[in-house]
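Residue numbers (this note's numbering), protein chains in the order written: chain A, 5 to 385; chain B, 5 to 385.
Idealized CB from N, CA, C, for every residue including glycine.
1) Name the one or two DSSP bridge partners that residue 190/A has.
2) How would you list, in chain order, the residues of chain B whose beta-carbon sits under 9 Å from the beta-carbon of residue 299/A?
3) Do residue 229/A and residue 220/A have their C-beta atoms within less than 8 Å of each other?
4) Just to confirm, is the Cβ distance from residue 198/A to residue 247/B under 8 Å?
5) For a contact meaning CB atoms closer than 7 Å, what does residue 211/A contact in chain B?
6) DSSP on residue 288/A, reduced to helix/strand/coil?
7) With 8 Å set as the bound, which would you pick, yes or no: does the beta-carbon of residue 309/B sit closer than that to a beta-carbon of chain A?
8) Counting contacts by CB-CB distance shorter than 8 Å, is residue 41/A in contact with chain B?
9) Consult DSSP for residue 343/B and reduce its assignment to one of helix, strand or coil.
10) In the DSSP assignment, find the alpha helix (DSSP H) that holds residue 207/A and state where it starts and stops.
11) Tell me, please, whether the CB atom of residue 200/B is closer than 8 Å to any CB atom in chain A?
12) Mind checking who residue 94/A pairs with in its DSSP beta bridge?
13) Taking Cβ positions, are residue 52/B and residue 68/B nearer each other than 8 Å?
14) Check for me: the beta strand (DSSP E) holding residue 358/A runs from which residue to which?
15) With 7 Å as the C-beta to C-beta threshold (strictly closer), list the residues of the region 214-229 of chain A near chain B in chain order.
16) Quick check: is the beta carbon of residue 185/A nearer than 8 Å to any beta carbon in chain B?
17) Quick check: what's the CA-CA separation for residue 171/B versus residue 194/B?
18) I'd like to know if the region 199-209 of chain A and the region 169-189 of chain A are in contact, where contact means that at least 3 CB-CB pairs between them fall below 8 Å.
19) Could you tell me whether the Cβ of residue 368/B comes closer than 8 Å to any Cβ of chain A?
20) Grab the span of the beta strand (DSSP E) containing residue 26/B for me, first residue to last.
21) Is residue 12/A helix, strand or coil by DSSP?
22) If residue 139/A sits next to residue 66/A, beta carbons under 8 Å apart, how far is it from one beta carbon to the other, in whole angstroms?
23) I'd like to confirm something about residue 169/A: is its beta-carbon nearer than 7 Å to some heavy atom of the ligand SAM, or not?
24) On the criterion of 16 or more Cβ atoms from any shown chain inside 10 Å, does residue 279/A qualify as buried, or is it exposed?
25) Listed from N- to C-terminal order along the chain, which residues in the region 330-343 of chain B have their beta-carbon within a distance smaller than 8 Å of any beta-carbon of chain A?
26) I need the DSSP call for residue 375/A, collapsed to helix, strand or coil.
27) According to the Cβ coordinates, are residue 92/B and residue 98/B closer than 8 Å?
28) Let me check understanding here. Comparing Cα to Cα, which of 162/A, 296/A, 187/A and 250/A lies closest to residue 212/A?
29) Please decide whether residue 286/B counts as near chain A, where near means a Cβ-Cβ distance under 8 Å.
30) 8 Å is my cut-off, CB to CB: does residue 76/B come that close to chain A?
31) Can you find a CB in chain A that lies within less than 8 Å of the CB of residue 203/B?
32) Closest by CA to residue 2/B, which one among 340/B, 315/B and 336/B?
33) The beta strand (DSSP E) with residue 326/B in it runs from where to where?
34) Any idea which residues DSSP pairs residue 298/A with across the strands?
35) Can you tell me whether residue 82/A is buried or exposed, with buried defined as 16 or more other CB within 10 angstroms of its CB?
36) Anyone know if the C-beta pair for residue 226/A and residue 215/A falls short of 8 Å?
This is the structure in structure tokens:
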């Protein structure tokens, strides 16, 4: 049986320790890119470190599809794991909370406290479910901007950092609010979803929507299409890793054979690992939210109808470091590189680093000293 | 809505035309690699062309996971499509039925007429379902060998050809019956399933087994876990293609928007295409058979416990041409190349060709003149 490793923190200079979340409530109308209107929304967020007197040291962390606002520290002393980017963020770490005021939000449409399909629709006093509007990556960024300007009273951000869907948000920040952000660090991302990425998302959505427990999205809280959601997660999880990474970690290693085993019980370690990933996901993620967020990914497209990236990217006024990972086959290096090339064609301040990490798309989430050096120095420069 | 293309045959020199299948019944005991015993089995097969007087011109075609014995010609004048390798096989084609006596079998464990989990268990007079023994690729080959020796009365085969799971059978033929086959052509295959390929198969199996209609494998004929099977097929189908191939074929093209569309209806052409693939699969494939055949793939491993391929491959006495496809990421070129390298280290007559086709793993199934030339000339040499 697969057992998740406990995380070692001994290499890290310091830990944030206990953290709490906050909620920002926007009580006015918010019109989504789809044209649909929300009467208001909540954005759940965490902050680490202190805002300086000049209000110039804010760093925004944007999470990926299955992430949330809890990217560093622990919520309770009994937590088995810290936030999802705890390797990167903390006192003395690359995103140094002794220097920066770090903010991380759960995205609009998410299911960890921000308004999404599980939220109560004020018109019906029931959960929105599929009455929730289709949200876009740009909607997520506009909601974050309201938090920063109206909630936190800031008129600028030092840096926005994120991978995958987080990287899409980083790019959208630069385009939507030119001059607001000094430094952008998008990584393992793309300027638009390609057909293969859409295809995988679609299979995941169909696994959810064809689960009888989905009930056209109107499942009760705590119930729902757990089987479909687990299948979607297991499949997606393979796309976040790499052939070589899986081979190195699991190869053809077998699980200990139980006394009685039916033909199709988990036989290989990689099967047991995937089953664990699927099961743990259904305990922390809402299936409808998964549909909405994957759809936001699929609709993300910075290209103009004539096939140019420059029309959008030329608006950026931030120094930009794009980071790609050689083993990432979901958003492979080429998809990251073209972002920088388009920015350079626009005469903008952009650069590209490609790291030879073997763990695939999720390389940005693992312990990666080369990545940390890049981020630390780009922020300090 | 995706519409499958009708197949053009105008480039081909000739067509086989109407064909029929035959059944070979083996009435004796057959002990599987698992140790379980079948009291007998049926292998459904088709033949094209004529056996020569010397009985020296037989060519065996081995199908992949979702294939069957119907690889060329048509069963009825109203058939919309010919057999799955009709591009390759026929009068004047690379596998020339004017010269060769071509045989293609449905594999043991399959669901198109050969004995598999849908067959009637003589002990219970009910379908085997999960009482069917786990079959291996070697079992499939041993059943084919009985057809050739006891059924067709042959003491040798001129060539065995196949891709993917078919390629595994080709290798196993060379190992199991040294000297029986003159020429082996395995393509888009591997000497063992790696962790990533096992992982995708496992997600497919879980999608099937967690569908409530699966009923622990005891679903009624005509019913069954169609949702799970379609999800498994859609996901697997992505792995048979390639990033570039999907991008070229579909990109971000959209389906025509219906008057009313819910949030998660198919929006992109690639989604509509995948839905079509899933739906058409459930009409022709049995879910339990899918479990058994993917398990046979996952257990396929020609490496010795000490990590050597030579122990098995040194037995081969056939001229061997291994063909890999650059865009195949399920069984990528490297996995094909090492087969030849190991054979060369054994001093055997093996060579390797790598084709720069863009359509991924399924490249061997599409119209590919370079592939046809390789096969035609290797057979003629």
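In brief:
1) 166/A
2) 267, 268 and 271
3) no
4) yes
5) 211 and 235
6) coil
7) no
8) no
9) helix
10) 199-213
11) yes
12) 100/A
13) no
14) 354-359
15) 214 and 216
16) no
17) 8 Å
18) no
19) no
20) 25-30
21) Because the pLDDT of residue 12/A is 46, which lies under 50, any placement of that residue in the model is unreliable, and the number read from its coordinates should be weighed accordingly. In this structure, residue 12/A counts as coil in the three-state DSSP scheme.
22) Going by Cβ atoms, the distance from residue 139/A to residue 66/A rounds to 14 Å, so no, they are not a contact pair.
23) In the structure on display, the ligand SAM does not appear, and there are no ligands present to speak of.
24) buried
25) 333 and 336
26) helix
27) yes
28) 296/A
29) no
30) no
31) yes
32) Any property of residue 2/B remains undetermined from this structure, which presents chain B solely from 5 to 385.
33) 323-329
34) According to DSSP, residue 298/A bridges with nothing at all.
35) exposed
36) no
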